[in-house]
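Q:
Residue numbers (the working numbering): 1155 to 1350.
1) Where do the N-terminal and C-terminal ends of the beta strand (DSSP E) with residue 1313 fall, by residue?
2) Taking the runs of the beta strand (DSSP E) that are 3 residues or longer, which of them lie wholly in the segment 1239 to 1326?
3) Check each candidate in 1305, 1304, 1271 and name the one with the smallest Cα separation from residue 1229.
4) Is the number of C-beta pairs between the segment 1336 to 1345 and the segment 1288 to 1306 that are closer than 8 angstroms three or more?
5) Tell me, which residues are paired with residue 1341 by DSSP?
6) Give me the Cβ distance between residue 1238 and residue 1265, rounded to the nearest whole Å; I'm assuming they're in contact under 8 angstroms.
7) If you run the structure through DSSP and keep just helix, strand and coil, what is residue 1203?
8) If you check the beta carbons only, do residue 1203 and residue 1312 fall under 9 angstroms apart?
9) Assign residue 1170 to buried or exposed, taking buried as 16 or more other Cβ atoms, counted over all protein chains shown, within 10 Å of its Cβ.
10) Straight-line CA distance for residue 1325 to residue 1224?
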């Protein structure tokens, strides 16, 4: 009898998924000019990371003005309208109560509730609008794969380019990242298991 030969175990290499690139800069001046180059190159899924606000960076990145003020205004106007409607309905229609010949609905008497509901819904609009516009909560981001990124909260200045960008090409984007004048270009990769 012949012994059956077992097939040799196939070594599986972990799958490496390219998530993007992270470029580190020495100062805000270099970061500012690199953001202008990224903006002019037409990339959309990239971001600048700094430990403190950098004035003018929004313009250098080509960011549009925030829509958050309109969301807050909408929340405030909704609160204003609801407060007036609610109090008018309760006092003049649902449960009219005539006291000393005073009108059933009087605006000055209802100002405190109008103010409170306007502020409440405007603040809800600010909070939840900010979360929605920033796509939060986001519990993980590709930049967390880089050990260098920890400096972003201390003294590091970074640009991250995500692989989800329509213009992303591994070679061309790498060359662009290297041409930005940064001190270091890190490849953001996720190592997975093909068997999983």
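C-beta: ideal position from N, C-alpha, C; glycine also.
A: Taking the geometry as given:
1) 1311 to 1316
2) 1311 to 1316
3) If we check each option's Cα against that of residue 1229, 1271 comes out closest.
4) yes
5) 1175
6) Between residue 1265 and residue 1238 the Cβ distance is about 10 angstroms, and since that is not below 8 angstroms, they are no contact.
7) strand
8) The criterion of a C-beta distance shorter than 9 angstroms is satisfied by residue 1203 and residue 1312.
9) Exposed.
10) Each residue's CA atom was taken as its position, placing residue 1325 and residue 1224 some 41 angstroms apart.
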